[in-house]
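The structure under discussion appears below in the form of structure tokens.
Number of protein chains: 2
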Amino acid sequence: MNIGDVARQSGVPPKTIRYYEDIGLIRPKRAENGYRDFNQSHVHKLAFLGRARALGFTIEDCRTLLALYEDENRESLQVKAVAEEHLRQIEEKIEKLRSMKATLSELVDKCAGDHRPDCPIIADLSPELSYK
Amino acid sequence: MNIGDVARQSGVPPKTIRYYEDIGLIRPKRAENGYRDFNQSHVHKLAFLGRARALGFTIEDCRTLLALYEDENRESLQVKAVAEEHLRQIEEKIEKLRSMKATLSELVDKCAGDHRPDCPIIADLSPELSYK
DNA sequence: ATGGGGCTTCCCCCTGCTGGAAGGTCAAGA
DNA sequence: TCTTGACCTTCCAGCAGGGGGAAGCCCCAT
């Protein structure tokens, strides 16, 4: 199977597939003409990677998860640990964004948004202006 | 004033200050020895940039905001527009993260997290396993 | 044989810095 | 005066996670 076929079947773009080979996530064979030669197992792995990435797992997480996916003797505890850590990272990001959002909404609300130059947003960003 | 002083006063690291000069956000003069020569206005601008970046504005947003900050004839409408657009981006990111979080929490909850290999997280990431 | 699509490698681009190497400068202390 | 050591300079490389595009094969249909 060529890269285009596996891209269509897995939903992962050819460029990304080549990149994943570069960093050692998948190891397709080569046909005699130099083309990468994929099989159904590669399609599964790539779809797996696509879904993991869509859930925000880093490439390194994906590497770990893919190894566990392939390991018949894995313990679900190992998988859960990776997912829980990732969940914590997500929660951290959400908190950070929520804090930004709170500050920004407040400033936006206070800003008249008219033709005059006075602006609480600019003022908040300029500590030195608070003394003027 | 040397870069170290302005870094301490503005809270922006020297490396970042040099980068901001590179991309044209600030334009310090040069002393005879080749050292960058900053004044108080640079400290203000850098502090402004630091706060804008902390609120998640992109560098391009910062460029715009800095221009408005310096423009005595700005209209607060212009500032507000930039902030509102950024607010929308933040809300989008939060939504995306919340969706990931929902999916992940559910999977984590369903995973036994013991020594057995069966794992709903792996199963969810592997569409082909649902037919087995 | 020719045209079009696919495949290959290669290198640069993106965001927003950060680290490090190699070298110049400057002020203080022995 | 000399020598540290802390500054400063430029340039180069790299992080994540690919995307865009060039130059050049390959293969199939007409």
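Which chain is which? The protein sequence lines are A and B, in order.
So in numbering that gives the first Met the number 0, spot 32 of the first sequence is number 31, and the numbers just go up one at a time.
So in numbering that gives the first Met the number 0, spot 75 of the second sequence is number 74, and the numbers just go up one at a time.
Built from N, CA and C at the ideal position, the CB exists for glycine as well.
Taking 7 Å as the upper bound on Cβ-Cβ separation, chain B lies near residues 97, 99, 100, 102, 103, 104, 106, 107, 110, 111, 112, 113, 114, 115, 116, 117, 118, 120, 121, 124, 125, 126, 127 of the segment 97 to 130 of chain A. CA-CA distance, residue 45 of chain B to residue 61 of chain A, rounds to 38 Å. Against residue 68 of chain B, the close residues of chain A are 121, 124, 125, in the order they occur along the chain (beta-carbon pairs closer than 8 Å). At a cut-off of 8 Å between C-beta atoms, residue 86 of chain A counts as an interface residue with respect to chain B. Residue 54 of chain B belongs to the set of residues whose beta carbon lies under 8 Å from a beta carbon in chain A.
When beta bridges are read from the DSSP output, residue 36 of chain B appears opposite B:28. Residues of the segment 35 to 53 of chain B whose Cβ lies closer than 7 Å to any Cβ of chain A, in chain order: 43, 46, 47, 50, 51. According to the DSSP assignment, residue 61 of chain A belongs to the alpha helix (DSSP H) that extends over 58 to 69.
The continuous alpha helix (DSSP H) containing residue 106 of chain A extends over residues 75 to 109. At a cut-off of 8 Å between beta-carbon atoms, residue 28 of chain A makes no contact with chain B.
According to the DSSP assignment, residue 124 of chain A belongs to the alpha helix (DSSP H) that extends over 119 to 124.
If you ignore the 5 residues before and after residue 81 of chain B, its C-beta comes within less than 7 Å of the C-beta of 60, 63, 64, all in its own chain and listed in chain order. A straight line joining the alpha-carbon of residue 17 of chain A with that of residue 102 of chain B spans about 28 Å. Using a CB distance cut-off of 8 Å, residue 92 of chain B counts as an interface residue toward chain A. For residue 59 of chain B, no CB of chain A lies under 8 Å from its own CB, so it is not counted at the interface with that chain.
Chain-ordered listing is empty here: chain B has no CB closer than 8 Å to the CB of residue 62 of chain A, the nearest sitting near 13 Å. In the three-state reduction of the DSSP assignment, residue 2 of chain A falls in the helix class. Counting only the Cα atoms, residue 52 of chain A lies some 14 Å from residue 88 of chain A. Annotation for residue 20 of chain B: the continuous alpha helix (DSSP H) segment containing it runs 13 to 21. In the structure shown, residue 54 of chain A falls within a coil segment according to DSSP collapsed to helix, strand and coil. The C-alpha of residue 92 of chain A lies about 10 Å from the C-alpha of residue 97 of chain B. Just so you know, the alpha carbons of residue 9 of chain B and residue 42 of chain B end up roughly 5 Å apart. Spatial neighbours of residue 24 of chain B in its own chain (CB-CB distance under 8 Å, excluding positions within 5 residues in sequence) are listed in chain order as 44, 48, 58, 61, 62, 65.
Close to chain B, meaning a Cβ-Cβ distance shorter than 7 Å, are the following residues of the segment 71 to 82 of chain A: 71, 72, 73, 74, 75, 76, 78, 79, 82. With 16 or more other Cβ atoms inside 10 Å of its own Cβ, residue 75 of chain A counts as buried. Annotated three-state conformation of residue 114 of chain A is coil, per DSSP. Annotated three-state conformation of residue 10 of chain A is coil, per DSSP.
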